[in-house]
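Trainee: Residue numbers (my numbering), protein chains in the order written: chain A, 191 to 337; chain B, 52 to 138. Every residue gets a Cβ at the ideal spot worked out from N, C-alpha and C, and that includes glycine. Shown below is the structure under consideration.
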């Protein structure tokens, strides 16, 4: 089962975990990405390409389902204006065993970072705004998966 | 036959151009994403700054990633944006 959601609203981790648990198996891996406090960040604006985002996230989830023995993949990503400590992204993978759940969860995040059409713009406490640039470490992390 | 393509922009590409989309007529000989980018780069200063260095840009044709050599074919939408930074 694939569940993809993109929007401004926050997600309910407990409810999403119950949903994945309901698909069977005894191993659920999760990743929660939040807005990091790096000193003087006032807010983060997340933009996306609505016509492409769902398609790109679904393709990543389908790849995970075909490469690992999974019962469920959930990917939820927020857009709009966020502040320090806010949730940004939730990935849940459910399987019979922890290795498949944890590996596939890591795979989904690595791919999402380099393929899903989201862009972050940060605004500092002094009002200065800047689009965040891609990180070489993210490209390398995505490249380590053979698919 | 006159062809046209809807081009949509995101993130700093959108901000620097000051528009989020535009319809561009494709003359004969404009066959690939790279041809369209060259056309945009020739439009003047604001465009040249952004489109003369396509290595900084990413492209999606009808919502699938493409590269400079990808043929436009019958696609109706070309998205041009910086490398993605979600997650």
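What distance in whole Å lies between the Cβ atoms of residue 288 of chain A and residue 204 of chain A, which are believed to be in contact at a cut-off of 8 Å?
Mentor: Going by Cβ atoms, the distance from residue 204 of chain A to residue 288 of chain A rounds to 20 Å, so no, they are not a contact pair.
Trainee: Checking contacts by CB at 9 Å: is residue 130 of chain B closer than that to chain A?
Mentor: Any Cβ of chain A closer than 9 Å to the Cβ of residue 130 of chain B would place that residue at the interface, and such an atom is present.
Trainee: Specify whether the region 325-333 of chain A and the region 77-88 of chain B touch according to this definition: at least 3 beta carbon pairs, one from each stretch, less than 8 Å apart.
Mentor: no
Trainee: Less than 9 Å between the beta carbons of residue 247 of chain A and residue 267 of chain A, yes or no?
Mentor: For the pair residue 247 of chain A and residue 267 of chain A, the CB atoms are nearer than the 9 Å cut-off.
Trainee: Find out if the Cβ-Cβ distance for the pair residue 196 of chain A, residue 244 of chain A is shorter than 9 Å.
Mentor: yes
Trainee: Does the beta carbon of residue 87 of chain B sit closer than 9 Å to a beta carbon anywhere in chain A?
Mentor: The beta-carbon of residue 87 of chain B is placed no less than 9 Å from the nearest beta-carbon of chain A.
Trainee: For residue 263 of chain A, write down the residues that DSSP places opposite it in a beta bridge.
Mentor: A/192 and A/283
Trainee: Please list the partners that residue 321 of chain A has in chain B, where partner means a Cβ-to-Cβ separation under 9 Å.
Mentor: 62, 63, 66, 133 and 136
Trainee: Helix, strand or coil for residue 226 of chain A, going by three-state DSSP, please let me know.
Mentor: Three-state DSSP puts residue 226 of chain A in coil, outside helix and strand.
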